Every structure is written in C-alpha cells, then in structure tokens.
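Colleague:
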Amino acid sequence: MIDRRHFLAAAAATALAPALPVSARAPLTGNQVPGIYRRKLGDLEITAILDGYIPFDTKVFGGSDPAAIRQSLANAGQGERLPTAVNTFVINTRDKTYLLDTGAGAWNAMGDTMGRAESNLRTAGITPEQIDAIILTHAHPDHHEGLLTAQKTARFANAELVINETEHAFWHDDGILNQAPAEVKPFFASARNALAPYASRTRKVKAGEVAPGLTLEHAPGHTPGHSILRVASGNEQLLLVGDSIHNVVIQTAQPEVTFVFDADGKQAATSRRRVLDMAATDGLLISGAHMPFPGFGKVLKDGPAFRFVPADWSYAL
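Position 285, counted from 1, in the sequence shown is what this note's numbering calls 278; the numbers after and before it change by one each time, with no gaps.
Have a look at this one:
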C-alpha cells in the first residue's frame, strides 16, 4: 500500500527527473491511402480499385423536382456538393483475372481528381500484363480512358476487350456522330481512340455469359449498350451495376431521377428501377462505378422506392 510519505517521495523524484525528449511529430500527408478493397465471393476474390472522384453537384440530376432531390440528400445528412467515386473492379478466378472498366487514365485525361486506377492496381499487386480480359460496362471516358497510355497505345498488352455489340456499334456509327450535338461529338472521338488499339482483340457480345460465372446483362439508357455484370460463384452473387446509379442516395429514393449524361433518361430510369428491384427481390450484393468506395451493399425495398444498406467491412478474406 502506498502511504503519504512514499507518495510525496515519488512525486519529488518525478519533479527532479530530467525532461524526456519530445518525439518527432508525424507530418501531415495531404493524401488519402490507396483506394483498394478486397472481399470474397464464393471461390472468387473481388478487388475494388478506386480511380478517383468527379466533383459533381445536384445540377447534374434531373427528372424530378430539384427540391425533392435536395430533400433526399438532406434526409441522409448530405448537402448539394457530391464528390462522386469512380470505381473499377478486378475479378480473380484463380485461372483468370478480369477487369471491369479502367477508369479515366493516369495521363490526366479527365482532370487531376482521377487517374489513380493503374497505380492502385499496382499497389494491390496486379500489373496491366496480368489482366486477361477487360469488360466495359459502356464507352464513356471515365470507364475507357484507362485503356490507353499517355502515348495513346494499349495499356493492357495481353487483355481481350469485351463490350456489348450495341455499345460498340453506337460509338462507331458515323450517321449518329454527324447528327450529334457539338458538345457530344468529343465523346465519339474519345471512345473510338480508346477502343482502336484493341480492335484485333475485341469481342463484341450480346447479353449473356462472357466467361464462367460472369454474365453481362443489358441495361440501356445511360448509353444504348450500357450493361451490368452479374458475378456468381457457388451460391453467392454480386451485381456490378455500372452507371445504373450515379448517386445511391438520390436514385434509390427516386429511381426516376436522371443524370445529365444519360443518352435516354427515361430508358435509363426504367433500367435502374429494374436493376434495383432485381437486387432487392433476390437479395443480391451490389456495387457500381459511382457508389461511395468500395460501394458494396444490399438494396432494400422502401415503399414504392428503395434504400441502400452498405455491407460490413470484410476484416478477413
């Protein structure tokens, strides 16, 4: 037992002890950690790779009363500024390695908030040469510019390119290009340039299985050939919804809300409601190109609409 005399003696000794040196402080980094997240799906390993983000706001959404859109965000504690993730996904089957979408490219094609997919892939231990096939949900720059190097050559030396045949035909149709508004024409040039180095190894497909356990499903509207990818292993399934969802808060509460870059907003809304209903009815795990990284979670029905419940963090594989 410590009595008063021992306590005072110890206090005096502490006061007389030389001051300990102050340890060096950790500096501020100004950077986030690499955007990499893995989870198991049956026998497969799924790796979400963050390319970066696009600084959107509510002005990019339409098809509903702007006040209702703001209210959906307010209900979730969010404001009108909407930094929106750009996600890609690696699917490793042990035998093959697939990449769903490629991001905006490391050569600053779409600004300095994107273009980190390749460096994050390498941090995850995956090199471009190890990718066996690239599956594109659609041919918009934030999904296909990562196909290219800064010299506009093929980034992925050994990969087959898989794309919906309607999507490929749309971007290569000169008649559609000639009738497109001036502000849309650069999208055609971008798609053609990105796909060109892969012309000899491009597989244009209809909806259906593109590899064992990987099924492309047509979900048009955002673009004519926009597709989602169903990944299945054992009794587990994951639905990677591409650009069916650009903001998970707004577009689950109001599936009719459209996005400024939708080719056909009404058709996109119809596809979105179908995808959300399928995910909710079947209890599917989902993620997508613009879900808050890493984006995995479940969709629940909420009256005439839906709500998204993020999945718990996977502490082990």
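Beta carbons are placed, not taken as given, at the ideal position from N, Cα and C, and that holds for glycine.
Owing to the predicted nature of the structure, the values given are computational and were not obtained by experimental measurement.
Provide the residue(s) that pair with residue 80 in DSSP beta bridges, ordered along the chain.
Modeller: Taking the sequence shown and counting its residues from 1, one reaches residue 80 at position 87. DSSP lists 43 as partners of residue 80.
Colleague: In the DSSP assignment, find the alpha helix (DSSP H) that holds residue 189 and state where it starts and stops.
Modeller: In the sequence shown, residue 189 corresponds to position 196, counting from 1. Element bounds for residue 189: n/a, residue is neither H nor E.
Colleague: For residue 171, report the span of its alpha helix (DSSP H) as first-last.
Modeller: As a working mapping, residue 171 is identified with position 178 in the sequence shown. 167 to 172 is the extent of the alpha helix (DSSP H) around residue 171.
Colleague: For residue 145 and residue 199, I'd like the C-alpha separation in whole angstroms.
Modeller: Stepping through the sequence shown from its first residue, residue 145 is reached at position 152. Stepping through the sequence shown from its first residue, residue 199 is reached at position 206. If I take the Cα positions, the gap works out to 28 Å.
Colleague: Whose C-alpha, out of 102, 253, 53, 187, is nearest the C-alpha of residue 165?
Modeller: Your numbering for residue 165 matches position 172 in the sequence shown. Ranking 102, 253, 53, 187 by Cα distance to residue 165 puts 187 first.
Colleague: Is there contact between the region 143 to 157 and the region 191 to 207, where contact requires at least three CB pairs shorter than 8 Å?
Modeller: Touching, yes, given that three or more Cβ pairs across the two stretches are closer than 8 Å.
Colleague: By Cβ distance below 8 Å, which residues in the same chain neighbour residue 36 in space, the five residues on each side in sequence not counted?
Modeller: For the purposes of this step, residue 36 is identified with residue 43 of the sequence shown, where counting begins at 1. For residue 36, where only same-chain residues beyond five positions count, the Cβ hits under 8 Å are 86, 87, 226, 227.
Colleague: Would you call the region 265 to 280 in contact with the region 226 to 246, where contact means no fewer than 3 C-beta pairs closer than 8 Å?
Modeller: Counting Cβ pairs under 8 Å, three or more are found: they touch.
Colleague: Distance check for residue 251 and residue 140, CA to CA, integer angstroms please.
Modeller: The count along the sequence shown starts at 1 and reaches residue 140 at position 147. The count along the sequence shown starts at 1 and reaches residue 251 at position 258. If I take the Cα positions, the gap works out to 28 Å.
Colleague: Can you tell me where the beta strand (DSSP E) with residue 157 in it begins and where it stops?
Modeller: Working through the sequence shown from its first residue, we reach residue 157 at position 164. 153 to 157 is the extent of the beta strand (DSSP E) around residue 157.
Colleague: When you compare only the Cα positions, how much space is there between residue 304 and residue 29?
Modeller: For the purposes of this step, residue 304 is taken as the residue at position 311 of the sequence shown. For the purposes of this step, residue 29 is taken as the residue at position 36 of the sequence shown. Cα-Cα distance, rounded: 16 Å.
Colleague: For the beta strand (DSSP E) that residue 96 lies in, which residues bound it at each end?
Modeller: The sequence position of residue 96 within the sequence shown is 103, counting from 1. First-last for residue 96: undefined, no H or E at that position.
Colleague: Can you name the start and end residues of the beta strand (DSSP E) that residue 32 belongs to?
Modeller: Taking the first residue of the sequence shown as position 1, residue 32 is located at position 39. Looking at the DSSP string, the run of the beta strand (DSSP E) that includes residue 32 is 29 to 34.
Colleague: In the DSSP assignment, find the unbroken beta strand (DSSP E) run with residue 225 in it and report its ends.
Modeller: What you label residue 225 is simply residue 232 of the sequence shown in a count that begins at 1. It spans 220 to 226 - the beta strand (DSSP E) in which residue 225 sits, taken as one unbroken run.
Colleague: With DSSP as the reference, label residue 287 as helix, strand or coil.
Modeller: Stepping through the sequence shown from its first residue, residue 287 is reached at position 294. It is coil, neither helix nor strand.
Colleague: Would you mind stating whether residue 83 and residue 126 have Cβ atoms separated by less than 9 Å?
Modeller: By 1-based counting over the sequence shown, the position of residue 83 is 90. By 1-based counting over the sequence shown, the position of residue 126 is 133. Their beta carbons are not under 9 Å apart, which means residue 83 does not touch residue 126 by this criterion.
Colleague: Assuming the contact rule is C-beta atoms closer than 8 Å, residue 44 and residue 104 should be a hit. Round their C-beta distance to whole Å, please.
Modeller: Within the sequence shown, the letter at position 51 stands for residue 44. Within the sequence shown, the letter at position 111 stands for residue 104. About 11 Å; that fails the 8 Å criterion.
Colleague: Which residue or residues does DSSP assign as beta-bridge partners of residue 50?
Modeller: Walking along the sequence shown from the start, residue 50 turns up at place 57. Note: residue 50 sits in a beta bridge opposite 74.
Colleague: If I follow the unbroken beta strand (DSSP E) through residue 202, where does it start and stop?
Modeller: Locating residue 202 in the sequence shown gives position 209, where the first residue counts as 1. From DSSP, the beta strand (DSSP E) with residue 202 extends over 201 to 204.
Colleague: Near residue 183, what residues of its chain come up, given a Cβ to Cβ distance below 6 Å and the 5 sequence neighbours on each side ignored?
Modeller: Here the question's residue 183 lines up with position 190 in the sequence shown. Only 134 meet the Cβ criterion.
Colleague: If you follow the beta strand (DSSP E) that residue 209 is in, where does it begin and where does it stop?
Modeller: The residue given as residue 209 occupies position 216 in the sequence shown. 207 to 211 is the span of the beta strand (DSSP E), which, as asked, contains residue 209.
Colleague: Can you list, in chain order, the residues of its chain whose CB lies under 7 Å from that of residue 223, leaving out five sequence neighbours each side?
Modeller: Here residue 223 corresponds to residue number 230 of the sequence shown, with the count starting at 1. Closer than 7 Å at the Cβ level, and outside the excluded window around residue 223, lie 208, 210, 230, 232.
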